[in-house]
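Residue numbers (this note's numbering): 1 to 269.
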């Protein structure tokens, strides 16, 4: 009897303890509870309002970011969490220039249009930093994106791209449908006004090639041409007038062609 008892004891010592993991794997309710608990831990905020996800993104720990996104999403927890600086994980991903993390966050359903403490969306931040890669991830997300949203300075993303002297970002925004003549929320100045004031000749030419109106008035009525002339920016004024004359010439040729076509049609009748 004791031999059998000793044998059983020895057998127990040699047998790995695996019953608990198997039980967890088989018990869906218990596993769901554990996942939910982990999800809440992933979004637990410290004294600065940062969650482990905020911190992992700021430190560039991509595998950890993936894991935290996964457990939070599995638990049905929103990732649109502000820290005390009113930055979401998406804002930090843009600020730290991590397009891949932006893709993970978008796949998890974050709100692209959420503003930070300065009223800036993730797209504003990408334009300020001239990050075409981040902007591509945001714009190609198939989510509803408002390119006309203004930050607390009254700037749209296109205004920010011009002020940052980012031709590639400007091209991308215009191609995606940004209004090239959008007015800021304070003075009513268009992106072309700002390009003129900053004397960004390549950007001025790019905006004009994209259809910017050189006669668009601000709230006070000043046009980009008047701005350039009033500031004594003769090289800028020359560039703007040259575009205006070229546009006028194209219009004249177009009208002439229409007149000739109409005259020919009338003669044939």
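We put the CB at the ideal spot given by N, CA and C, even for glycine.
Check, Outcome
"Same chain only: Cβ atoms within 6 angstroms of residue 186, ignoring 5 sequence neighbours per side", "154"
"Whole-angstrom distance between residue 92 and residue 76, CA atom to CA atom", "21 angstroms"
"Given residue 48 as reference, the closest of 84, 41, 62 and 67 once Cα atoms are compared", "84"
"Residue 38, DSSP secondary structure in three states", "helix"
"Straight-line gap, residue 188 to residue 97 (C-alpha atoms, nearest Å)", "31 angstroms"
"Cβ neighbours of residue 208 in the same chain (closer than 6 angstroms, five flanking residues each side left out)", "243"
"Residue 109 classed as buried or exposed, judged by whether at least 16 other C-beta atoms fall within 10 angstroms", "exposed"
"Residue 123 to residue 113 span [Cα, whole Å]", "8 angstroms"
"Helix, strand or coil at residue 124 according to DSSP, with G and I counted as helix", "helix"
"C-alpha gap between residue 221 and residue 171, whole angstroms", "27 angstroms"
"Spatial distance of residue 183 from residue 62 (CA atoms)", "39 angstroms"
"Residue 230 versus residue 95: straight-line alpha-carbon distance, rounded", "37 angstroms"
"C-alpha distance - residue 210 paired with residue 58, whole-angstrom precision", "37 angstroms"
"Contained alpha helix (DSSP H) runs [length at least 4] in the segment 162 to 249, N- to C-terminal order", "167 to 176, 191 to 197, 201 to 209 and 224 to 230"
"Backbone CA spacing between residue 136 and residue 177 [nearest angstrom]", "14 angstroms"
"Cβ shell of residue 173 (< 7 angstroms), same chain only, five flanking positions each side left out", "147, 157, 158 and 161"
"Among 120, 150 and 64, the one whose alpha carbon lies nearest that of residue 88", "120"
"Alpha helix (DSSP H) segment containing residue 133, residue limits", "132 to 139"
"For residue 73, three-class secondary structure by DSSP", "helix"
"Cβ separation of residue 164 and residue 127, assumed to be a contact under 8 angstroms, to the nearest whole Å", "6 angstroms"
"Coarse secondary structure for residue 65, derived from DSSP in three states", "helix"
"Straight-line Cα distance separating residue 239 from residue 86", "42 angstroms"
"CA-to-CA distance, residue 134 to residue 227, given in whole angstroms", "33 angstroms"
"Cβ neighbour criterion (16 or more within 10 Å) applied to residue 232", "exposed"
"Same chain, Cβ closer than 8 angstroms to residue 44, five either side skipped, listed in chain order", "51 and 52"
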